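Novice:
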Amino acid sequence: MGRILVTGAVGQIGSELVPALRERYGSDRVVASDIRVEPPDGPPSRGPFEHVDCTHIREIDHAVRRHDVDTIYHLAALLSAVAETKPRVAWEVNMGGLYRVLEVARAHGCAVFLPSSIGAFGPSTPALHTPQDTIQRPTTMYGVTKVSSELLCDYYHLKFGLDTRGLRLPGLISHVAPPGGGTTDYAVEIFYQAVRYRHYSCFLRRDTALDMMYMPDAIRAMIELMEADAARLVHRNAFNLAAMSVTPERLADEIRRHLPDFVIDYAVDPARQAIADSWPDSVDDTAAREEWGWKPRYDLAAMTTEMLQVLGSRLRPVHH
Ligand code: AKB
1055 MGRILVTGAV
1065 GQIGSELVPA
1075 LRERYGSDRV
1085 VASDIRVEPP
1095 DGPPSRGPFE
1105 HVDCTHIREI
1115 DHAVRRHDVD
1125 TIYHLAALLS
1135 AVAETKPRVA
1145 WEVNMGGLYR
1155 VLEVARAHGC
1165 AVFLPSSIGA
1175 FGPSTPALHT
1185 PQDTIQRPTT
1195 MYGVTKVSSE
1205 LLCDYYHLKF
1215 GLDTRGLRLP
1225 GLISHVAPPG
1235 GGTTDYAVEI
1245 FYQAVRYRHY
1255 SCFLRRDTAL
1265 DMMYMPDAIR
1275 AMIELMEADA
1285 ARLVHRNAFN
1295 LAAMSVTPER
1305 LADEIRRHLP
1315 DFVIDYAVDP
1325 ARQAIADSWP
1335 DSVDDTAARE
1345 EWGWKPRYDL
1355 AAMTTEMLQV
1365 LGSRLRPVHH
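In terms of this note's numbering, the sequence shown opens at residue 1055 and continues consecutively.
(1) Within its chain, find whatever has a CB closer than 7 Å to the CB of residue 1078; leave out the 5 residues flanking it on each side and keep chain order.
(2) Any heavy atom of the ligand AKB closer than 7 Å to the CB of residue 1234?
(3) With respect to 7 Å, is the separation between the Cβ of residue 1224 and the closest non-hydrogen atom of the ligand AKB below this value?
(4) Using 8 Å as the threshold, is the segment 1237-1250 in touch with the segment 1358-1374, meaning 3 or more CB pairs across them?
(5) Which residues does DSSP pair with residue 1354 in a beta bridge?
(6) Heavy atom of the ligand AKB less than 7 Å from the Cβ of residue 1133, yes or no?
(7) Decide if residue 1355 is buried, meaning its Cβ has at least 16 other Cβ atoms within 10 Å, or exposed.
(8) Are there 16 or more other CB atoms within 10 angstroms of the CB of residue 1200, so buried, or fewer, so exposed?
(9) At what residues does the beta strand (DSSP E) containing residue 1380 begin and finish?
(10) Enumerate in chain order the residues of its own chain whose CB-to-CB distance from residue 1068 is below 6 Å, with the five nearest sequence positions on each side excluded.
(11) Return the CA-CA distance between residue 1341 and residue 1240, expressed in angstroms with no decimal places.
(12) So, for residue 1151: in the same chain, excluding its five sequence neighbours on each side, which residues have a beta-carbon less than 8 Å away from its beta-carbon?
(13) If you measure from the beta carbon of residue 1295 to each beta carbon in chain D, is any gap under 8 Å?
(14) Hey, out of 1336, 1168, 1242, whose CA is closest to residue 1184's CA?
(15) Considering only residues of the same chain and omitting the five flanking positions on each side of residue 1237, which have a CB-CB separation below 7 Å?
(16) Within 8 Å, do at least three Cβ pairs link the segment 1314-1322 to the segment 1220-1238?
(17) Can you tell me whether residue 1214 is buried or exposed? The criterion is at least 16 other CB atoms within 10 Å of its CB, across all chains shown.
(18) By a C-beta neighbour count over all protein chains shown, 10 Å radius and 16 as the cutoff for buried, is residue 1211 buried or exposed?
(19) From what residue to what residue does the alpha helix (DSSP H) around residue 1105 run?
(20) Is it true that the CB of residue 1346 sits closer than 8 Å to the CB of residue 1279?
(21) Just curious, the alpha helix (DSSP H) that residue 1155 is in, first and last residue?
(22) Compute the Euclidean distance between the alpha carbons of residue 1244 and residue 1256, then round it to the nearest angstrom.
(23) Whole beta strand (DSSP E) runs in the segment 1246-1281 with 3 or more residues, listed along the chain?
(24) Can you tell me where the beta strand (DSSP E) holding residue 1167 begins and where it ends?
(25) With a threshold of 7 Å (Cβ to nearest heavy atom), would residue 1301 be considered close to the ligand AKB?
(26) Quick one: is the Cβ of residue 1171 within less than 7 Å of any heavy atom of the ligand AKB?
(27) Does residue 1222 come out as helix, strand or coil in the three-state DSSP assignment?
(28) Along the alpha helix (DSSP H) that carries residue 1319, what are the first and last residues, could you check?
(29) Within 10 angstroms of its Cβ, does residue 1189 collect 16 or more other Cβ (buried), or is it exposed?
(30) CB-CB under 7 Å to residue 1301, same chain, minus the five flanking residues each way: which ones, in chain order?
(31) Quick one: is residue 1220 buried, meaning 16 or more other Cβ sit within 10 Å of its Cβ, or exposed?
(32) Name the two residues that bound the continuous alpha helix (DSSP H) containing residue 1125.
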């Protein structure tokens, strides 16, 4: 068995995926890599670390050869809000990076995991219970790169027989690494601000419904998909994935069950609101359930309880 390479390992997902993969397969079988030389408080967990800029094919190739890699979790990408402000960089990193990763994977026969997103949908997509196979005409640069990434991964599978698989991830909620420049970031910020200040000023409208998921479920989904029997997969890039559809108002109500004096107000950011309005309210993940047995473990109540427990023990309240 070869090793696993994780790109973007220092980011929001990588910070939890790398330790989970190391726990499952052994520390030295998982190579963390990132454009950042090292995270502020050291590598994500003990084990090999490589500096890899995914826009340089030689750096990816070097890491794959050096560590005898047979599977790549390619996480390095710009999120939706930041991609709107830097569309050229977003194209170069999200598409250029993936293209180079796929070329290296083709040369060395590696399997590739791709995180797509609910952002791969657009305003003409059915917004409720969005089907697995439906209209995908995103109106953001992020969405354009995500739908193109899905197509490119499917192409490498069909044309070259590469084992490419992906998930359309919802907004991910975690107490480990913060997200950087996404539209769903409010659902993470709200917990930190609730614990510290009992107050949060939300950049999305109170009734904006979007799919969300607690990070442990998302990490498990990635690993389960990559371990799934290929013969059962009708779809590949990428599966709809759902756990809970929430609005800021609903999330605030749930937090208030634990912190009754929590207050939310709204200072809507038109740029991020426009992105959120172009995405589905809730997706249908039947294909994931049927083809590889996906089932979420955390609903809104369970996730909120755990987030507040963990952050409550780590952060000092400064509200009084
Ligand atoms: C973002 O908001 O950009 C991401 C996503 C849902 O893809 N969290």
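Even for Gly, the Cβ is constructed at its ideal location relative to N, Cα and C.
Just so you know, these numbers come straight off a predicted model, no measurement behind them.
Specialist: So, from the listed chains and residues:
(1) Cβ neighbours of residue 1078 beyond the five flanking positions: 1277.
(2) The answer is no for residue 1234.
(3) Residue 1224: yes, Cβ under 7 Å from the ligand AKB.
(4) Enough Cβ pairs lie closer than 8 Å, so yes.
(5) Answer is none; residue 1354 lacks a bridge partner.
(6) A distance criterion of 7 Å places the beta-carbon of residue 1133 in contact range of the ligand AKB, judged by its closest non-hydrogen atom.
(7) So residue 1355 counts as exposed.
(8) So residue 1200 counts as buried.
(9) Any question about residue 1380 goes unanswered here, given that the chain covers just 1055 to 1374.
(10) Within the same chain, 1060, 1062, 1129 come within 6 Å of residue 1068 by CB-CB distance, once the 5 residues on both sides are set aside.
(11) Looking at the two C-alpha atoms, the distance is approximately 28 Å.
(12) Counting only Cβ-Cβ distances below 8 Å, and skipping sequence neighbours, we find 1061, 1108, 1109, 1128, 1130, 1131.
(13) Here chain D cannot be found, since the structure has a single protein chain.
(14) Nearest to residue 1184 by C-alpha distance, out of 1336, 1168, 1242, is 1336.
(15) Same-chain partners within the cutoff: 1134, 1135, 1326, 1329, 1330.
(16) Because the criterion of three Cβ pairs below 8 Å is not met, the segment 1220-1238 and the segment 1314-1322 do not touch.
(17) Its Cβ having fewer than 16 others within 10 Å, residue 1214 is exposed.
(18) Looking at its Cβ environment, which holds 16 or more other Cβ atoms inside 10 Å, residue 1211 is buried.
(19) Counted as a single uninterrupted DSSP element, the stretch harbouring residue 1105 is not any alpha helix (DSSP H) but the beta strand (DSSP E) occupying residues 1103-1105.
(20) Residue 1279 places its beta carbon less than 8 Å from that of residue 1346.
(21) Per DSSP, residue 1155 belongs to the alpha helix (DSSP H) from 1151-1162.
(22) Residue 1244 and residue 1256 have their alpha carbons spaced roughly 8 Å apart.
(23) Qualifying beta strand (DSSP E) stretches, in chain order: 1253-1256, 1264-1268.
(24) Segment 1165-1171, the beta strand (DSSP E) holding residue 1167.
(25) Checking every heavy atom of the ligand AKB against the Cβ of residue 1301, none is found closer than 7 Å.
(26) Yes, the ligand AKB has a heavy atom inside 7 Å of this Cβ.
(27) In the structure shown, residue 1222 sits in a strand (DSSP, three-state: E or B).
(28) In the DSSP assignment, residue 1319 falls outside any alpha helix (DSSP H) and within the unbroken beta strand (DSSP E) covering 1317-1320.
(29) By the 10 Å Cβ count, residue 1189 comes out exposed.
(30) Excluding sequence neighbours, residue 1301 sits near 1260, 1261, 1262, 1263.
(31) Per the 10 Å Cβ criterion, buried.
(32) Annotation for residue 1125: no alpha helix (DSSP H) segment contains it, though the beta strand (DSSP E) segment containing it runs 1123-1128.
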